[in-house]
Amino acid sequence: DSDIPHHTKVTESVLEHATLIELELTKEFESAPGRISLTFNGWSSAIMVAYIGVTAHYI
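Here the sequence shown stands for residues 152 to 210, numbered as in my numbering.
Here is the structure:
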């Protein structure tokens, strides 16, 4: 049982990782030559689990 992290530790780790990715993406977008377009797609599964997809396009 000691190998399985507590759910609060997993949550904390995921949020920290998401923050780092957000910072990296912000830097990438700011340095991109030209404009960036974002597309969003939302849907739910048969058991009503919600999902959202985000895609960034730039040339």
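A virtual CB, placed ideally from N, CA and C, is assigned to each residue, including glycine.
Residue(s) in a DSSP beta bridge with residue i
i, result
"L189", "A207"
"S195", "A201"
Backbone CA spacing between residue i and residue j [nearest angstrom]
i, j, result
"S195", "S182", "34 angstroms"
"I155", "E163", "15 angstroms"
"L174", "E167", "11 angstroms"
"N192", "V200", "14 angstroms"
"G204", "K160", "26 angstroms"
Beta-carbon gap between residue i and residue j smaller than 9 angstroms
i, j, result
"A207", "F180", "yes"
"Y202", "R186", "no"
Beta carbon proximity, residue i to chain B, threshold 9 angstroms
i, result
"T162", "Absent from the structure is chain B; it holds one protein chain and no more."
Run of the alpha helix (DSSP H) containing residue i, from where it starts to where it stops
i, result
"A169", "158-182"
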